[in-house]
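These notes are about the structure you will find just below.
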Amino acid sequence: MKRAFLVGLALALVALALYPTQGTGYGVRTMLQLFMWIALAQSWNLISGLTGYVSFGHVAFFGMGAYSAGILIGKLGWAWPVACLAGGVMAMVLALVIGWPCLRLKGPYFAIAMLGLNEVLRVIVSYYEGLTGGGNGLSLPTLHASVPIYYAMGLVAIAVTGLTYLIITSRFGLRLMTIREDEVAAEAMGIDTFRHKLYAFLLSAVGPGIVGGLAARDQGYIEPLSVFPLITTITMIVMALFGGKGTIWGPVLGAVVLFTFQELVWARFIYLHQLLFGAIIVAVVLMMPRGILGVLQQKYNLPRTI
Amino acid sequence: MTPAITPAMVGQVVISGLLAGSLYAMVALGLGLIFGVMRVLNVAHGPMLMLGAYTTFWLFHWLGLSPYLSLLVSMPVLFVVGAVLQRLLVRRVVDAPELSSLLLTFGVSIAIVNLAQLMFTSDLRSVEYLTGSFILGPFAFSKSRVIACVVAILITAGAFWFLQKTRLGKALRAVSQSREVAQVCGINVQRIHMLAFGVASALAAAGGSLVAVMVAIQPEMGQVYTFKSFLVIVLGGAGNYPGALLGGLLLGLVEQLSSLFLTTQVNEAVAYILLVLVLLVRPTGLLKGRAS
Amino acid sequence: MPPILEVRGVVKRFGGVAAVNGVSLALEPGRIYGLIGPNGSGKTTLFNSITGVDQCDEGEIWFKGRRVEGLKPHQIFHLGLGRTFQVIRVFPELSALENLLVVTTTDYPAALRRARELLALVKLERLAGEFAGNLSYGQQKLVEFIRVLMTDPEMILLDEPAAGVNRTLLNELLDAVRGLRDQGKTVLLIEHDMKVVMGLCETVFVLDHGEKLAEGAPGVIQADERVIEAYFGR
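Chains as they are written, first to last, in our numbering: chain P, 2 to 307; chain R, 113 to 404; chain L, 792 to 1025.
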């Protein structure tokens, strides 16, 4: 069974790697968005799926990466691969600044604090107009690089998934999960919960930071509203939930299914899109809070490496 | 750059802050009721306010009904909407971890906003009803703000009277403190939940009706009030209903005062920084809130 | 011999009520101590204060010659003080084996060996891969017990180890506790089951309304009028 899966996975990866030679420009750009969502959902999973600390402001790291990379490319002329990596680093710095005080808070309070994070960043971006272009946005020199960005996004998606695998199969990952299960008991058993949460938080910020930069490069233009919307966070959360948070492949599955759905529906029902999305969120929360893989895992006692 | 700040300016700003704060307090009380009774973080609170504002707008537009009279319509209507929403959906996440209630109410929230966009379009609306200001010595306050404040105070006082003096209100407070004990005392907890959500939505609707004469009405107008209500609850202490009053007034004051010294954009950041500071220093709120 | 654990005048308040009101104890190493008292007398609160789960409002706590009040629970754990909980707190979605492994940071093979040893000690080896949440009450209790032994602590606080446990299992647990004492460890247990306390503990502390009422050998305590009054009312 496992070997069949690995073979299938290898084939899929090869197919994806070859896709740009066959696909249309539109197709490539669509696929790279899918990779982006996989990376986002998987990153959210790292902090919220494993430790149970729900990050409601995760898009902040995406925006941070976008603006950091955007400024480095647009104002300082950096090459985009390096700029995007720098975006990831900046996102990690932000996570440290935010996480240090906020991860000490209990559940609902942490959620509230993270909710507001977006707003503040948006405001700060608007304030430092000289640097960020404020409400008018930031334009990047035009560059047709969809294919390299496709591969870059794909690499990030693979890297984050791989990181998730490494963590979940390690004792570090186990310790993260104990925080979710029973934080008081975890502390009593010698686990420095704050430090573990912080590490998970930092790791969960890198992916969004990098893909934020890549998305900025791909779009060629960033503005506060497009990179800090709450709906992005919600989307990555719902994707991870739908597929199964706390699992390895859950966020991937969720991203693929929901993204496909979004692409198909949006094209037809643009006005109903948000309404349907709201309904999906409600449905997922009420009917399958553990997600597809979560339910399967519990029912068939599947190993954690699902 | 900034002209010298006179005492009159400070006075104006302080009173403006209190005026705005009373409105925040009323709306936040609603959110606080939901959190206190059900431990649910209701992101759909803002859309309730928005619906109240639209109710007022349409009644004014079609029937010429005074916005202040439309309160008599918007509050009961949204009370029912809220109670139904609780009964159908929110009830299922009452004991769930906050992720579930946040996501659920967020889903409801964007569904409602989207519905409003479909039905009302995103065009900005306004209710031109009361213009001009009351002049009191060196101070000038827009009439609609003053009246909004007075009405908000009345409604909030009514809400507290309800909580303290009526049987249902006491039952509600009992459920906030301990659901099990309340049940053992024969209180129908499910009904109380619906009641709390209904009352909360009515309070939000009242807020919407009152701001309808002051700001532009559009489907997304509620979002900022949701966030500010959360902030007020944190300031005042979750589950601490009088605390919501203090928190609301404090928020209003801080906002207005900071507008004196900082640009309006950074204003919002001030609210947030205040939130984080309070969360770090006294997560249970400035007054004695209850740890969740 | 210097005491391994000293509690000096610890006070812990919740709201206006002092759950623990100026309690002082001294425990010598290598003995089994009991902590008894009517419900609400502050026993678990005292445990929580000692292990850092709650910060005490006044007083000092010394463990192995170091002040530990104010330290975080995980720091106190690593100093060699472990505890179990009144309500079982295993990690339900981790397997029994993982519950044990998660406690250690030492190299994996050594940790694995020790975990398997401990599981064998309480005859749970075949359930090593089972989700802890799926185990029976008694089995979970055993897992929690051996979990605290993973890092070989010098002192262990047991919160109602006999609660809800059947006769056979109880005897195994008690034997295990005596075994710990024989290895030189110190045990302090909260317990309501008087037979257990009498049969196991060398010294007993009695708490009532957050204050230490009496202290002494089990036989002496049992006959103490004040203790009888505290339990059966005035």
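Using N, Cα and C, we set each Cβ at its ideal position, and we do this for glycine too.
Per DSSP, residue i is paired with what?
i               : result
V808 of chain L : L:F805
R199 of chain R : BP columns for R199 of chain R are empty, so no partner.
T977 of chain L : L:M946
E851 of chain L : L:R799
I827 of chain L : L:V997
Y222 of chain P : P:S140
I329 of chain R : R:R237
L231 of chain P : In DSSP, L231 of chain P forms no bridge with anything.
A40 of chain P  : BP columns for A40 of chain P are empty, so no partner.
R105 of chain P : DSSP output for R105 of chain P lists no bridge partner at all.
V814 of chain L : L:V801
R858 of chain L : L:W853
Once the 5 residues before and after residue i are set aside, which same chain residues still bring their CB inside 8 Å of it?
i               : result
L131 of chain R : F253, R257, V258, A260, C261 and G364
A809 of chain L : V802, K803 and G1001
Please report how far the alpha carbon of residue i lies from the alpha carbon of residue j, in whole angstroms.
i                : j               : result
L912 of chain L  : V934 of chain L : 11 Å
R402 of chain R  : G355 of chain R : Note that R402 of chain R scores 43 on pLDDT, short of 50, meaning its location in the model is unreliable and no value can be drawn from it.
V1018 of chain L : A286 of chain R : 36 Å
L284 of chain R  : L175 of chain R : 37 Å
W250 of chain P  : T306 of chain P : 8 Å
G131 of chain P  : A216 of chain P : 22 Å
F36 of chain P   : I150 of chain P : 10 Å
R972 of chain L  : L979 of chain L : 11 Å
E921 of chain L  : F173 of chain P : 20 Å
Y272 of chain P  : F262 of chain P : 15 Å
Y136 of chain R  : V393 of chain R : 23 Å
R151 of chain R  : D207 of chain R : 7 Å
V8 of chain P    : G164 of chain R : 57 Å
D845 of chain L  : W101 of chain P : 21 Å
L51 of chain P   : E182 of chain P : 9 Å
F147 of chain R  : L816 of chain L : 42 Å
S290 of chain R  : R303 of chain R : 15 Å
Y928 of chain L  : V956 of chain L : 8 Å
E214 of chain R  : G108 of chain P : At residue 214 of chain R the sequence reads Leu, which differs from the Glu that was named. For L214 of chain R and G108 of chain P, the distance between alpha carbons rounds to 12 Å.
A112 of chain P  : G158 of chain R : 17 Å
Identify the continuous alpha helix (DSSP H) that holds residue i and give its terminal residues.
i               : result
E210 of chain R : E210 to F232
E182 of chain P : R172 to E182
G142 of chain R : P119 to M150
R279 of chain R : R279 to Q289
V178 of chain R : Residue identity check: residue 178 of chain R is Ser in the sequence provided, not Val. Run containing S178 of chain R: none; DSSP gives neither H nor E here.
K3 of chain P   : K3 to Q23
Y128 of chain P : G108 to Y128
Below 6 Å CB to CB, which residues in the same chain sit around residue i once its five sequence neighbours on both sides are set aside?
i               : result
G129 of chain R : G364, L365 and Q368
F62 of chain P  : A92, A206, P209 and G210
S182 of chain R : T168, L171 and S321
G843 of chain L : L862, K863, P864 and I867
T836 of chain L : K803, A810 and V811
A70 of chain P  : A84, C85, G88, G214 and A217
So the beta strand (DSSP E) residue i belongs to, where does it begin and stop?
i                : result
T994 of chain L  : T994 to D999
K1003 of chain L : E1002 to G1007
S254 of chain R  : F251 to S254
S245 of chain R  : S245 to L248
L891 of chain L  : Unbroken run through L891 of chain L is the alpha helix (DSSP H), A887 to L892; no beta strand (DSSP E).
G873 of chain L  : L872 to R874
For residue i, I'd like the list of residues in its chain whose CB is within less than 7 Å of its CB, leaving aside the five on either flank, ordered along the chain.
i               : result
K400 of chain R : Reliability fails at K400 of chain R, whose pLDDT of 49 lies under 50, so the model's placement of it is uncertain and no value is given.
L259 of chain P : V239, M240 and F243
G64 of chain P  : L122, G213, V228 and F229
E210 of chain R : L153
Looking at residue i and the ligand GTP, is the gap between the Cβ and the nearest heavy atom below 6 Å?
i               : result
V968 of chain L : This structure lacks the ligand GTP; in fact it carries no ligand of any kind.
Item to complete: Report yes or no: do the stretch 792-801 of chain L and the stretch 986-998 of chain L share at least 3 C-beta pairs separated by less than 8 Å?
Response: no
Worksheet item: Should the stretch 161-178 of chain P be called in touch with the stretch 32-48 of chain P, which here means at least 3 C-beta pairs below 8 Å?
Response: yes
Worksheet item: Is it a yes or a no for the stretch 874-884 of chain L touching the stretch 945-957 of chain L, going by three-plus beta-carbon pairs under 8 Å?
Response: yes
Worksheet item: On the three-pair Cβ rule with 8 Å, is the stretch 208-226 of chain R touching the stretch 272-289 of chain P?
Response: yes
Discussion item. So, does the stretch 69-88 of chain P touch the stretch 52-60 of chain P, judging by three or more C-beta pairs under 8 Å?
Written reply: no
Worksheet item: Does the stretch 292-300 of chain P touch the stretch 231-241 of chain R, meaning 3 or more C-beta pairs lie closer than 8 Å?
Response: no
Worksheet item: Given 8 Å as the limit, is there contact between the stretch 304-323 of chain R and the stretch 138-151 of chain R, that is, 3 or more CB pairs closer than that?
Response: yes
Fill in: Cβ pair count under 8 Å reaching 3, the stretch 263-277 of chain R against the stretch 195-204 of chain R
no
Discussion item. For the stretch 829-839 of chain L against the stretch 993-1012 of chain L, do three or more pairs of beta-carbon atoms, one drawn from each stretch, fall closer than 8 Å, so that the two count as touching?
Written reply: yes
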